[in-house]
Amino acid sequence: MNTKDLLEIITLGETSKVQFKQDLLADEMEVYGTSVDDINKEKFSEFFKKEFGTTYEDKGLNLEQALKAKRVLRNEHLTLAGLLFFGKNPQEIKPAFTIKFVSFFGNDISENYYRNKPSDLKGTIPELFDEAMRYLKSCLHHVQKEQGFNSTGILEISEIALIEVLQNALLHRDYFKNSPIRILIFDNRVEIISPGKLPNSLTVEEIKFGNPVIRNNQLVSYALHLLPFSGLGSGIKRAISEQPNIELINDIQGEQFKVIIPRPEKSK
(Lines of atoms letter the chains of each structure in order from A and count residues from 1; the text may use other names and numbers.)
(Lines give C-alpha, C1' and ligand atoms only; values in the text may rest on other atoms or scores of the structure.)
Protein backbone atom coordinates (compact mmCIF):
# COMPACT_ATOMS: atom_id res chain seq x y z
CA MET A 1 0.00 0.00 0.00
CA ASN A 2 1.45 3.37 -0.95
CA THR A 3 1.55 6.41 1.35
CA LYS A 4 -1.30 8.17 -0.46
CA ASP A 5 -3.66 5.21 0.06
CA LEU A 6 -2.58 4.87 3.69
CA LEU A 7 -3.21 8.55 4.37
CA GLU A 8 -6.70 8.24 2.92
CA ILE A 9 -7.54 5.28 5.16
CA ILE A 10 -6.25 7.04 8.29
CA THR A 11 -8.01 10.30 7.41
CA LEU A 12 -11.38 8.73 6.64
CA GLY A 13 -11.34 6.20 9.45
CA GLU A 14 -13.07 8.37 12.00
CA THR A 15 -15.35 10.18 9.55
CA SER A 16 -16.86 7.24 7.71
CA LYS A 17 -19.55 6.98 10.39
CA VAL A 18 -20.86 10.51 9.85
CA GLN A 19 -22.16 12.33 6.85
CA PHE A 20 -19.60 14.67 5.30
CA LYS A 21 -20.51 18.32 5.63
CA GLN A 22 -19.13 20.93 3.25
CA ASP A 23 -19.26 23.64 5.91
CA LEU A 24 -16.60 23.11 8.56
CA LEU A 25 -17.62 22.72 12.18
CA ALA A 26 -15.95 24.92 14.79
CA ASP A 27 -13.48 22.24 15.86
CA GLU A 28 -12.39 21.59 12.25
CA MET A 29 -11.53 25.20 11.45
CA GLU A 30 -7.96 26.43 11.10
CA VAL A 31 -6.51 28.48 13.94
CA TYR A 32 -4.58 31.18 12.12
CA GLY A 33 -1.20 32.08 13.57
CA THR A 34 -0.51 28.48 14.58
CA SER A 35 1.80 25.94 13.00
CA VAL A 36 3.22 22.49 13.57
CA ASP A 37 5.60 24.13 16.08
CA ASP A 38 2.64 24.59 18.46
CA ILE A 39 2.06 20.84 18.71
CA ASN A 40 3.19 18.77 21.66
CA LYS A 41 4.72 15.97 19.59
CA GLU A 42 4.83 13.52 22.49
CA LYS A 43 1.10 13.86 23.14
CA PHE A 44 0.25 13.37 19.49
CA SER A 45 2.60 10.39 19.16
CA GLU A 46 1.03 8.71 22.19
CA PHE A 47 -2.45 9.29 20.77
CA PHE A 48 -1.51 7.90 17.35
CA LYS A 49 -0.03 4.77 18.93
CA LYS A 50 -3.15 4.27 21.09
CA GLU A 51 -5.40 4.42 18.04
CA PHE A 52 -3.33 2.39 15.59
CA GLY A 53 -1.15 0.23 17.84
CA THR A 54 2.01 1.50 16.18
CA THR A 55 3.87 4.73 15.47
CA TYR A 56 3.24 6.95 12.49
CA GLU A 57 6.89 6.42 11.52
CA ASP A 58 6.26 2.67 11.32
CA LYS A 59 3.39 3.44 8.96
CA GLY A 60 5.77 5.31 6.69
CA LEU A 61 4.54 8.80 7.61
CA ASN A 62 6.40 11.85 8.79
CA LEU A 63 4.94 14.07 11.52
CA GLU A 64 3.27 16.55 9.17
CA GLN A 65 1.64 13.79 7.13
CA ALA A 66 0.32 12.14 10.30
CA LEU A 67 -1.01 15.44 11.66
CA LYS A 68 -2.85 16.16 8.43
CA ALA A 69 -4.19 12.62 8.25
CA LYS A 70 -5.70 12.99 11.73
CA ARG A 71 -6.98 16.50 10.95
CA VAL A 72 -4.77 18.11 13.56
CA LEU A 73 -3.18 20.22 10.82
CA ARG A 74 -4.97 21.88 7.91
CA ASN A 75 -3.22 24.07 5.33
CA GLU A 76 -0.18 24.48 7.61
CA HIS A 77 -2.30 25.66 10.58
CA LEU A 78 -3.60 23.66 13.52
CA THR A 79 -7.30 22.93 13.58
CA LEU A 80 -9.10 24.02 16.73
CA ALA A 81 -9.56 20.36 17.70
CA GLY A 82 -5.86 19.72 17.17
CA LEU A 83 -4.91 22.71 19.30
CA LEU A 84 -7.29 21.77 22.12
CA PHE A 85 -6.08 18.17 22.35
CA PHE A 86 -2.42 18.37 21.34
CA GLY A 87 -1.33 22.00 21.67
CA LYS A 88 1.64 22.99 23.81
CA ASN A 89 -0.33 25.86 25.36
CA PRO A 90 -3.88 26.13 23.97
CA GLN A 91 -4.90 29.12 26.12
CA GLU A 92 -1.96 31.20 24.88
CA ILE A 93 -3.74 31.18 21.52
CA LYS A 94 -7.37 30.75 22.64
CA PRO A 95 -7.46 32.33 26.12
CA ALA A 96 -11.24 32.03 26.56
CA PHE A 97 -11.27 28.23 26.34
CA THR A 98 -10.65 27.60 30.01
CA ILE A 99 -12.71 26.27 32.92
CA LYS A 100 -13.56 28.86 35.57
CA PHE A 101 -13.92 27.09 38.91
CA VAL A 102 -15.46 28.82 41.94
CA SER A 103 -16.59 27.48 45.32
CA PHE A 104 -18.99 29.71 47.29
CA PHE A 105 -20.20 29.98 50.86
CA GLY A 106 -23.98 29.77 50.78
CA ASN A 107 -26.27 29.24 47.81
CA ASP A 108 -26.34 32.62 46.07
CA ILE A 109 -23.81 33.71 43.45
CA SER A 110 -24.53 37.39 44.15
CA GLU A 111 -23.11 37.21 47.68
CA ASN A 112 -19.54 36.77 46.39
CA TYR A 113 -18.31 34.89 49.46
CA TYR A 114 -15.71 32.49 48.13
CA ARG A 115 -14.54 29.35 49.90
CA ASN A 116 -11.68 29.17 47.43
CA LYS A 117 -10.10 31.83 45.28
CA PRO A 118 -11.66 31.56 41.78
CA SER A 119 -9.40 29.53 39.50
CA ASP A 120 -8.91 29.47 35.74
CA LEU A 121 -8.05 25.92 34.74
CA LYS A 122 -5.86 25.70 31.64
CA GLY A 123 -4.38 23.06 29.37
CA THR A 124 -5.50 20.61 26.73
CA ILE A 125 -8.94 19.04 27.00
CA PRO A 126 -7.59 15.90 28.75
CA GLU A 127 -5.66 18.15 31.18
CA LEU A 128 -8.74 20.32 31.80
CA PHE A 129 -10.77 17.19 32.49
CA ASP A 130 -8.23 15.80 34.98
CA GLU A 131 -7.76 19.13 36.75
CA ALA A 132 -11.50 19.83 37.01
CA MET A 133 -12.13 16.37 38.46
CA ARG A 134 -9.35 16.96 40.98
CA TYR A 135 -10.92 20.28 42.02
CA LEU A 136 -14.39 18.75 42.30
CA LYS A 137 -13.13 15.90 44.47
CA SER A 138 -11.24 18.32 46.72
CA CYS A 139 -14.26 20.61 47.23
CA LEU A 140 -16.98 17.98 47.67
CA HIS A 141 -17.45 15.84 50.77
CA HIS A 142 -16.69 12.15 51.05
CA VAL A 143 -19.24 9.97 52.83
CA GLN A 144 -18.41 6.86 54.85
CA LYS A 145 -20.73 3.97 54.07
CA GLU A 146 -19.42 0.41 54.13
CA GLN A 147 -15.77 1.34 53.64
CA GLY A 148 -13.06 0.62 56.15
CA PHE A 149 -12.28 3.10 58.93
CA ASN A 150 -9.27 4.57 57.13
CA SER A 151 -11.05 4.84 53.78
CA THR A 152 -11.63 8.26 52.20
CA GLY A 153 -15.26 7.25 51.63
CA ILE A 154 -17.55 7.76 48.65
CA LEU A 155 -17.95 11.14 47.00
CA GLU A 156 -21.25 12.79 48.01
CA ILE A 157 -22.16 13.18 44.30
CA SER A 158 -21.73 10.25 41.94
CA GLU A 159 -18.25 10.37 40.45
CA ILE A 160 -19.55 8.69 37.30
CA ALA A 161 -22.15 11.44 36.89
CA LEU A 162 -19.50 14.13 37.33
CA ILE A 163 -17.25 12.45 34.75
CA GLU A 164 -20.06 12.27 32.21
CA VAL A 165 -21.34 15.83 32.57
CA LEU A 166 -17.81 17.25 32.58
CA GLN A 167 -16.89 15.37 29.41
CA ASN A 168 -20.16 16.54 27.87
CA ALA A 169 -19.27 20.15 28.67
CA LEU A 170 -15.77 19.91 27.19
CA LEU A 171 -16.69 18.01 24.03
CA HIS A 172 -20.13 19.35 23.14
CA ARG A 173 -19.94 23.03 24.08
CA ASP A 174 -20.17 25.67 21.34
CA TYR A 175 -16.62 26.60 20.36
CA PHE A 176 -17.82 29.47 18.19
CA LYS A 177 -18.41 31.28 21.50
CA ASN A 178 -15.33 32.75 23.14
CA SER A 179 -16.45 31.93 26.66
CA PRO A 180 -15.20 29.57 29.36
CA ILE A 181 -16.97 26.62 30.88
CA ARG A 182 -17.98 27.50 34.45
CA ILE A 183 -18.09 25.14 37.42
CA LEU A 184 -19.79 26.67 40.45
CA ILE A 185 -19.97 24.89 43.79
CA PHE A 186 -22.56 26.09 46.32
CA ASP A 187 -23.52 24.62 49.67
CA ASN A 188 -26.59 22.97 48.16
CA ARG A 189 -25.60 22.24 44.56
CA VAL A 190 -22.97 22.02 41.83
CA GLU A 191 -23.52 23.82 38.52
CA ILE A 192 -21.62 23.05 35.31
CA ILE A 193 -22.39 25.66 32.65
CA SER A 194 -21.36 25.23 29.01
CA PRO A 195 -21.37 27.97 26.35
CA GLY A 196 -24.02 27.35 23.71
CA LYS A 197 -27.57 26.06 23.79
CA LEU A 198 -28.35 22.58 22.46
CA PRO A 199 -27.68 22.40 18.70
CA ASN A 200 -30.31 22.22 15.98
CA SER A 201 -33.70 21.13 17.33
CA LEU A 202 -32.27 18.85 20.03
CA THR A 203 -34.21 18.89 23.30
CA VAL A 204 -33.35 18.04 26.89
CA GLU A 205 -35.76 15.11 26.78
CA GLU A 206 -33.97 13.66 23.74
CA ILE A 207 -30.53 13.71 25.35
CA LYS A 208 -31.96 12.21 28.54
CA PHE A 209 -32.84 9.14 26.50
CA GLY A 210 -29.52 8.94 24.66
CA ASN A 211 -30.42 10.69 21.40
CA PRO A 212 -27.50 13.08 20.85
CA VAL A 213 -26.45 15.38 18.03
CA ILE A 214 -22.66 15.65 17.99
CA ARG A 215 -21.55 19.27 17.67
CA ASN A 216 -17.79 18.66 17.49
CA ASN A 217 -17.05 15.46 15.59
CA GLN A 218 -13.27 15.80 15.62
CA LEU A 219 -13.05 16.41 19.35
CA VAL A 220 -15.18 13.33 19.92
CA SER A 221 -12.93 11.21 17.70
CA TYR A 222 -9.87 12.18 19.77
CA ALA A 223 -11.72 11.74 23.07
CA LEU A 224 -12.44 8.10 22.26
CA HIS A 225 -8.73 7.39 22.83
CA LEU A 226 -7.81 10.00 25.44
CA LEU A 227 -10.79 10.32 27.81
CA PRO A 228 -13.08 7.79 29.57
CA PHE A 229 -15.57 8.49 26.78
CA SER A 230 -17.68 5.87 25.01
CA GLY A 231 -18.85 7.90 22.03
CA LEU A 232 -22.22 6.14 22.12
CA GLY A 233 -24.22 9.22 23.05
CA SER A 234 -25.21 7.69 26.38
CA GLY A 235 -23.23 9.95 28.72
CA ILE A 236 -26.09 12.10 30.02
CA LYS A 237 -28.32 9.04 30.23
CA ARG A 238 -25.66 7.29 32.33
CA ALA A 239 -25.20 10.37 34.52
CA ILE A 240 -28.94 10.48 35.25
CA SER A 241 -28.95 6.77 36.03
CA GLU A 242 -26.17 7.32 38.59
CA GLN A 243 -27.54 10.63 39.91
CA PRO A 244 -31.31 10.79 39.22
CA ASN A 245 -31.78 14.27 40.72
CA ILE A 246 -29.68 15.99 38.04
CA GLU A 247 -31.42 18.97 36.44
CA LEU A 248 -30.68 19.87 32.80
CA ILE A 249 -31.48 23.37 31.55
CA ASN A 250 -31.22 24.40 27.90
CA ASP A 251 -31.04 28.19 28.29
CA ILE A 252 -31.98 29.39 24.81
CA GLN A 253 -31.97 33.11 25.61
CA GLY A 254 -28.69 32.93 27.51
CA GLU A 255 -27.25 30.57 24.88
CA GLN A 256 -25.85 28.17 27.43
CA PHE A 257 -26.48 24.66 28.73
CA LYS A 258 -26.58 24.17 32.47
CA VAL A 259 -26.34 21.00 34.56
CA ILE A 260 -27.38 21.35 38.20
CA ILE A 261 -26.56 18.56 40.65
CA PRO A 262 -28.04 18.93 44.17
CA ARG A 263 -25.76 18.15 47.10
CA PRO A 264 -27.06 16.06 50.02
CA GLU A 265 -28.54 17.95 52.97
CA LYS A 266 -25.66 17.00 55.26
CA SER A 267 -23.22 18.73 52.90
CA LYS A 268 -24.63 22.16 53.67
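Take the sequence shown: its letters are residues 278 to 545, numbered as in this note's numbering. Positions of the beta carbon are idealized from the N, C-alpha and C atoms, including for glycine. Just so you know, these numbers come straight off a predicted model, no measurement behind them.
Residue i, buried or exposed, once every other Cβ within 10 Å from all chains shown has been counted against 16
{"i": "Asp314", "result": "exposed"}
{"i": "Ala373", "result": "exposed"}
{"i": "Leu355", "result": "buried"}
{"i": "Phe534", "result": "buried"}
{"i": "Tyr309", "result": "exposed"}
{"i": "Ile470", "result": "buried"}
{"i": "Phe463", "result": "buried"}
{"i": "Leu413", "result": "buried"}
Nearest neighbour of residue i, chosen from the options [CA to CA]
{"i": "Gly383", "options": "Thr375, Ala343 and Arg392", "result": "Arg392"}
{"i": "Leu405", "options": "Gly364, Leu432, Lys422 and Ile537", "result": "Gly364"}
{"i": "Tyr452", "options": "Asn493, Val420 and Tyr390", "result": "Asn493"}
{"i": "Ser498", "options": "Ala346, Pro521 and Glu307", "result": "Ala346"}
{"i": "Pro403", "options": "Phe324, Ala303, Thr311 and Asn522", "result": "Phe324"}
{"i": "Val490", "options": "Leu448, Ile529 and Phe378", "result": "Leu448"}
{"i": "Glu468", "options": "Val442, Lys394 and Glu483", "result": "Val442"}
{"i": "Ile517", "options": "Leu504, Leu302, Tyr412 and Val536", "result": "Val536"}
{"i": "Gln444", "options": "Ser478, Leu503, Leu417 and Asn477", "result": "Leu503"}
{"i": "Met410", "options": "Leu439, Asn389 and Lys336", "result": "Leu439"}
{"i": "Lys386", "options": "Asn339, Pro505, Leu461 and Ser478", "result": "Looking at the sequence itself, residue 386 is Ile, so the reference to Lys does not match. Ranking Asn339, Pro505, Leu461 and Ser478 by Cα distance to Ile386 puts Leu461 first."}
Assigned secondary structure, residue i (DSSP; H/G/I helix, E/B strand, else coil)
{"i": "Asn527", "result": "strand"}
{"i": "Phe374", "result": "coil"}
{"i": "Gln368", "result": "helix"}
{"i": "Tyr412", "result": "helix"}
{"i": "Pro403", "result": "helix"}
{"i": "Tyr391", "result": "strand"}
{"i": "Lys514", "result": "helix"}
{"i": "Lys336", "result": "coil"}
{"i": "His418", "result": "coil"}
{"i": "Val442", "result": "helix"}
{"i": "Lys474", "result": "coil"}
{"i": "Ser357", "result": "A small fix is needed here, since residue 357 is Leu in this sequence, not Ser. Three-state result, Leu357: helix."}
Pairwise C-alpha distance: residue j and residue i
{"i": "Lys422", "j": "Glu436", "result": "15 Å"}
{"i": "Ala500", "j": "Arg515", "result": "17 Å"}
{"i": "Glu307", "j": "Leu525", "result": "32 Å"}
{"i": "Phe378", "j": "Phe329", "result": "36 Å"}
{"i": "Val420", "j": "Lys326", "result": "39 Å"}
{"i": "Val481", "j": "Ile376", "result": "23 Å"}
{"i": "Lys320", "j": "Glu542", "result": "42 Å"}
{"i": "Gly512", "j": "Gly400", "result": "23 Å"}
Neighbourhood of residue i by C-beta, 8 Å cutoff - its chain only, sequence neighbours within 5 removed
{"i": "Glu532", "result": "Asp451, Lys454, Pro472, Gly473 and Lys474"}
Same chain, Cβ closer than 6 Å to residue i, neighbours up to 5 away in sequence not counted
{"i": "Ser396", "result": "Phe378"}
Own chain, CB closer than 7 Å to residue i, minus 5 neighbours either side, in chain order
{"i": "Glu305", "result": "Arg348, Thr356, Ala358 and Gln495"}
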